[in-house]
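Visitor:
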Amino acid sequence: MTVACLDLPVFPLQIVWRQDPTWRGHPVVVIDEDRPQGIVLWACARALKTGVLVGQRYAHALSLCAGLRARVVPIEMIDAATAELRTALHALSPRVEPGEPGTFWLDGDGLARIFIDEDAPSRGEAGPGVKSGTTWAMAIAQAITERGFAGAVVVGFSRFATYALARATRHGVTVLRSEADEKAAASAVPLARLEIDPKLRDALGRLGVTTIGQMVRLPGGGILERFGREAHRLYQLAAGERWDQIVAVAPPEALDEVVQLD
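Numbered by the working numbering, the letters in the sequence shown go through residues 38 to 299 in order.
This is the structure in structure tokens:
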């Protein structure tokens with residue numbers, strides 16, 4: 038399986054910046070409601086440097102950062118941006134799966150003859166598992182840039198590994214040439230980069246387990262017994278013991294224009 042993962046960090050903040058590009062040079066947060074008791078849901082790097090944290094009250098965040106700018110990003114706005122991106126990505130793959138807001142997977146099987154890499158090896162020259170995909174990855178990156186977003190595109194062989202690497206790299210294009218390269222790269226990804234239960238992350242940290250590679254070296258049975266099913270599922274995905282296929286959504290229907298003649 039050839040798969041690409043697109044991950045757009047701090048997606049709600051990117052929506053705000055796209056609406057008002059002048060805010061990119063200021064500390065910005067996304068809050069759940071526009072009042073002093075509102076909760077900070079997302080904070081940019083400039084805001085974080087002043088001590089603003091996710092989960093704080095908006096009033097407290099303002100006391101830490103006088104120039105702080107805030108905006109509410111309703112779920113309808115996130116859904117609209119997701120739909121816009123999904124439509125653009127469907128032009129680059131017939132099978133697209135949206136995940137959490139700002140994350141997408143694209144199925145690349147059968148696209149090598151469409152997105153041709155100039156440096157791709159000739160037929161018969163490639164070794165086992167060797168692939169390219171750079172042209173496809175760059176097309177994905179260009180599509181999101183044209184729509185005012187930025188993020189990481191990783192082309193590889195598994196849904197989980199490409200996601201982990203996209204979360205770790207955050208920006209730019211990465212193309213894994215073989216499954217061995219993908220496994221080695223994913224092994225170094227910190228667990229803190231993944232959306233996992235903080236309690237599980239901290240418990241593993243106390244055991245000295247802070248990366249995907251360190252986790253998969255633990256006995257799977259012990260993970261299940263000590264940490265439960267969700268932790269064991271994560272272990273199986275990371276170890277390649279669980280089938281991890283793309284669950285694609287249907288592409289948007291094209292609108293037909295009809296002209297009625299009297």
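The C-beta atom is built at its ideal place from N, Cα and C for all residues, glycine as well.
Note the first and the last residue of the continuous alpha helix (DSSP H) segment covering residue 173.
Guide: Residue 173 -> alpha helix (DSSP H) spans 171-183.
Visitor: Just to confirm the assignment: which complete alpha helix (DSSP H) runs, minimum length 4, are found wholly within the segment 39-70?
Guide: Fully enclosed alpha helix (DSSP H) runs of 4 or longer: 48-56.
Visitor: How long is the line joining the alpha carbons of residue 113 and residue 248, rounded to whole angstroms?
Guide: Roughly 35 Å between the two C-alpha positions.
Visitor: State yes or no: is the C-beta of residue 245 nearer than 8 Å to some heavy atom of the ligand COA?
Guide: With respect to the ligand COA, the structure shown offers nothing to examine, as it has no ligands at all.
Visitor: On the CB-based measure, 16 or more other CB atoms within 10 Å of its CB, does residue 51 come out buried or exposed?
Guide: Answer is buried; the Cβ neighbour count reaches 16.
Visitor: Is it true that the CB of residue 42 sits closer than 9 Å to the CB of residue 272?
Guide: No, these two residues do not count as a Cβ contact at 9 Å.
Visitor: Under the three-state reduction of DSSP, which class applies to residue 276: helix, strand or coil?
Guide: Helix.
Visitor: Between which two residues does the beta strand (DSSP E) holding residue 152 run?
Guide: From DSSP, residue 152 is part of no beta strand (DSSP E); its letter is neither H nor E.
Visitor: Drop a sphere of 10 angstroms on the beta-carbon of residue 93, count the other beta-carbons inside from all chains shown, and report buried for 16 or more, exposed for fewer.
Guide: Counting Cβ neighbours within 10 Å, residue 93 comes out buried, since at least 16 surround it.
Visitor: Is residue 283 closer than 9 Å to residue 137 when the C-beta atoms are compared?
Guide: No, Cβ-Cβ distance for residue 137 and residue 283 is not below 9 Å.
Visitor: Can you name, in chain order, every residue of its own chain whose Cβ lies under 7 Å from the Cβ of residue 252, other than the five neighbours on each side?
Guide: Cβ neighbours of residue 252 beyond the five flanking positions: 228, 241, 246, 272 and 275.
Visitor: Indicate the three-state DSSP secondary structure (helix, strand or coil) for residue 165 in the structure shown.
Guide: Because residue 165 sits at a pLDDT of 39, beneath the cut-off of 50, its placement in the model cannot be relied upon, and the point is left open.
Visitor: So, helix, strand or coil for residue 219, using DSSP?
Guide: Helix, per DSSP.
Visitor: If you follow the alpha helix (DSSP H) that residue 122 is part of, which residue opens it and which one closes it?
Guide: Segment 112-127, the alpha helix (DSSP H) holding residue 122.
Visitor: Residue 283 by DSSP, collapsed to three states: which one?
Guide: If DSSP states are grouped into helix, strand and coil, residue 283 belongs with coil.
Visitor: Hey, which unbroken runs of the beta strand (DSSP E) at 3 residues or more fall wholly within the segment 192-219?
Guide: Qualifying beta strand (DSSP E) stretches, in chain order: 209-212.
Visitor: Tell me, please, whether the segment 203-218 touches the segment 185-195 by the rule of three or more beta-carbon pairs shorter than 8 Å.
Guide: These segments touch.
Visitor: Could you pull the start and end residues of the alpha helix (DSSP H) that residue 77 belongs to?
Guide: Not the alpha helix (DSSP H): residue 77 falls in the beta strand (DSSP E), residues 77-80.
Visitor: For residue 141, write down the residues that DSSP places opposite it in a beta bridge.
Guide: 43 and 135, per the DSSP bridge assignment.
Visitor: Mark residue 208 as exposed unless 16 or more other C-beta atoms lie within 10 angstroms of its C-beta, in which case mark it buried.
Guide: Answer is exposed; the Cβ neighbour count stays below 16.
Visitor: Just to confirm my understanding: we take residue 120, look at its own chain, exclude 5 residues before and 5 after, and list those with CB closer than 8 Å. What are they?
Guide: For residue 120, where only same-chain residues beyond five positions count, the Cβ hits under 8 Å are 289.
Visitor: Evaluate residue 126 with the Cβ neighbour count: other Cβ atoms within 10 Å of its Cβ, from every protein chain shown; 16 or more gives buried, anything less gives exposed.
Guide: By the 10 Å Cβ count, residue 126 comes out buried.
Visitor: For residue 261, which residues from the same chain have a beta carbon less than 6 Å from its beta carbon, with the 5 sequence-adjacent residues on both sides left out?
Guide: So the list reads 269, once near-sequence residues are dropped.
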